[in-house]
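Chains as they are written, first to last, in my numbering: chain A, 1 to 266; chain B, 267 to 532.
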């Protein structure tokens with residue numbers, strides 16, 4: 001196998017372009033880094049264009065087995081020098097393995113029936129929050145996320161990292177309030193919205209099996225239009241001096257209430 | 267009032283040094299930015315050394331009233347040019363107001379009796395997580411945080427920002443497992459630990475009024491030594507494919523269970 005030793009190689013430059021929104025939007029691909037992330041993508045049969053590794057950096061035998069596994073699955077394997085790898089890496093101590101993934105977007109209209117717990121978030125700004133929400137949603141075996149409005153990119157490297165591999169399992173939909181309203185009219189999904197203002201406690205609602213939890217953005221909360229879609233509005237009552245929580249924390253609190261009402265483990 | 271117009275002014279250079287751990291550790295001071303943050307520090311009577319503002323950037327009348335309020339409270343007010351302000355700012359569109367705060371650390375041995383809900387976190391690495399945990403802790407009217415081991419700095423600008431002003435109210439203690447064990451022997455606090463492994467569900471424990479919730483680091487969870495201190499170990503049961511949540515999300519889920527067991531709002 002040929003080893004790429006130039007940072008100016010066309011494909012290496014393309015990989016670096018995936019660190020930015022423009023590069024991701026144009027190619028509909030994204031950057032995945034590290035043994036855990038690349039391993040999770042492979043084990044979930046997530047579509048990968050290539051796996052890039054540097055034998056000089058990749059010491060773990062598990063890491064090496066990932067490249068073999070990827071090769072068996074037909075993913076192109078690209079060998080690079082440590083210097084080239086560092087030019088694409090976003091980590092301080094890179095493990096020497098990355099991948100280029102192909103973005104997967106589910107079309108809302110293709111979802112004839114809503115199954116399980118979904119979350120819809122309006123205008124979420126922080127990719128770290130988005131990744132943490134995907135992680136919590138997977139923790140309750142949730143099905144998918146619907147990004148409404150001007151949301152951050154779930155394929156942003158920070159979102160991918162914070163999702164700890166759950167981005168490769170959770171269905172991702174991009175939509176808006178108008179389209180989701182039309183979609184609902186044919187499938188009768190239950191929408192529950194979370195707001196910061198006075199409302200019923202999120203603890204005092206019986207959640208259905210199939211539902212969408214609506215959350216607003218970090219700055220502005222849920223819009224009037226989105227609230228109007230909701231069958232019920234809930235809030236997290238607080239006792240301190242603040243009036244809102246971090247968005248990923250708030251989403252997790254409500255998601256685990258939905259989950260724990262159904263599952264009674266001990 | 268004289269306006270500082272040089273980015274190389276000694277005090278301006280000192281403020282920039284507060285962006286880094288070394289500068290904060292040496293001076294025991296820290297950097298606060300934005301109208302909301304500086305306003306919260308003042309309204310909580312948090313000790314401030316100075317407020318720095320740039321009339322060319324600070325357009326909001328509320329922002330201007332903060333400088334007047336600070337002046338009345340005896341805080342030194344420093345006027346700078348927009349260019350100098352931008353040299354200290356960590357924001358993309360700076361509002362033109364910052365402050366230098368004096369770090370407040372509570373000595374564990376000064377706490378004779380434990381009051382309310384506290385959280386103890388071992389080796390937390392991410393300042394954003396730490397700030398979000400302070401925010402959730404304030405949301406349940408919690409009292410303080412105990413940082414065990416090699417934890418990130420609560421006065422890191424990212425932690426201060428993510429705390430949305432709660433760093434100015436929550437008591438902050440630095441300690442270790444050995445000292446907290448000695449301290450507990452004289453005040454009988456109840457310690458409850460959160461782990462990822464098999465344990466009783468966090469939903470099936472009756473939490474006392476006064477307690478410390480122990481959480482481990484993002485990477486390693488709670489150490490054996492810390493687990494041995496705990497009166498009870500709990501876990502968040504999950505149904506998906508991951509085995510752990512984001513640390514701030516996990517802490518928030520358990521903190522609001524503790525809170526909501528006591529407060530029955532609707």
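Idealized CB from N, CA, C, for every residue including glycine.
Keep in mind it's a predicted model, so treat the numbers as computed, not measured.
In the structure shown, the three-state DSSP call for residue 3 of chain A is strand.
The beta carbon of residue 348 of chain B sits closer than 7 Å to the beta carbons of 320, 322, 323 from its chain, once the five residues preceding and following it are set aside; these are given in chain order. The way I'd put it, the segment 466-482 of chain B does touch the segment 375-384 of chain B; three or more beta-carbon pairs between them come closer than 8 Å.
Within the segment 156-172 of chain A, contact with chain B at the beta-carbon level (separation under 8 Å) is assigned to 162, 164, 165, 166, 169.
Spatial neighbours of residue 231 of chain A in its own chain (CB-CB distance under 7 Å, excluding positions within 5 residues in sequence) are listed in chain order as 190, 191, 192.
In terms of beta-carbon proximity, residue 41 of chain A stays away from the interface with chain B, with every pair separated by 8 Å or more. Burial is judged here by how many other beta carbons sit within 10 angstroms of a residue's own beta carbon; residue 393 of chain B has at least 16 and is buried.
Within chain A, the C-beta atoms nearer than 7 Å to that of residue 507 of chain B come from 138, 169, in chain order. Shown in chain order are the members of the segment 249-261 of chain A whose Cβ falls below 7 Å from a Cβ of chain B: 249, 252, 253, 256, 259, 260. In the structure shown, residue 518 of chain B falls within a helical segment according to DSSP collapsed to helix, strand and coil.
Out of B/293, B/329, B/365, the CA that lies nearest to the CA of residue 312 of chain B is found in B/365.
One thing to note: residue 108 of chain A has its Cβ within 8 Å of the Cβ of residue 180 of chain A. By the neighbour-count criterion, in which a residue is buried when 16 or more other Cβ atoms sit within 10 angstroms of its Cβ, residue 331 of chain B is exposed.
For residue 12 of chain A, no chain B residue has a C-beta closer than 7 Å to its own C-beta; the minimum C-beta separation is roughly 29 Å. Membership of residue 39 of chain A in the alpha helix (DSSP H) is indicated by the continuous run 35-43. Listed as beta-bridge partners of residue 235 of chain A by DSSP are A/201. Neighbourhood of residue 398 of chain B in chain A, by CB distance below 7 Å: 246, 249, in chain order.
Between the segment 424-433 of chain B and the segment 400-412 of chain B, the count of C-beta pairs closer than 8 Å reaches three or more; the two stretches touch. Every unbroken stretch of the alpha helix (DSSP H) spanning 4 or more residues and falling wholly within the segment 71-110 of chain A is given here in chain order: 82-88. Residue B/354 holds the alpha-carbon nearest to the alpha-carbon of residue 276 of chain B among B/307, B/298, B/354. Taking C-beta separations shorter than 8 Å and ignoring five residues to either side along the sequence, the partners of residue 369 of chain B in its chain run 290, 294, 295, 296, 421, following chain order. Burial of residue 336 of chain B is indicated by the presence of at least 16 other C-beta atoms within 10 angstroms of its C-beta.
The alpha-carbon of residue 97 of chain A is positioned some 17 Å away from that of residue 168 of chain A. DSSP lists A/147 as the bridge partner or partners of residue 174 of chain A. For residue 236 of chain A, the chain B residues whose C-beta falls within less than 8 Å of its own C-beta are 405, 522, listed in chain order. In its chain, beyond the 5 residues on either side, 374, 412, 414 have a beta carbon closer than 7 Å to the beta carbon of residue 441 of chain B. Under the DSSP assignment, residue 137 of chain A falls in the alpha helix (DSSP H) whose first and last residues are 127-139.
Distances from the alpha-carbon of residue 274 of chain B to those of B/351, B/377, B/499, B/306 put B/351 closest.
Within 10 angstroms of the beta-carbon of residue 390 of chain B lie 16 or more other beta-carbons, which makes it buried. Contact with chain B is absent for residue 205 of chain A, since none of that chain's Cβ atoms lies less than 8 Å from the residue's Cβ. Cβ atoms of residue 344 of chain B and residue 270 of chain B come within 8 Å of each other, at about 7 Å. A/215 is the residue among A/215, A/12, A/18 whose C-alpha sits nearest the C-alpha of residue 252 of chain A. When rounded, the separation of the alpha-carbon atoms in residue 248 of chain A and residue 2 of chain A is 44 Å. Of all alpha-carbon atoms in B/316, B/326, B/282, B/292, the one lying nearest the alpha-carbon of residue 302 of chain B is that of B/326. Listed as beta-bridge partners of residue 380 of chain B by DSSP are no residues whatsoever. Its chain contains 108 as the residues whose beta carbon lies nearer than 6 Å to that of residue 183 of chain A, once the 5 sequence neighbours on both sides are disregarded; these appear in chain order.
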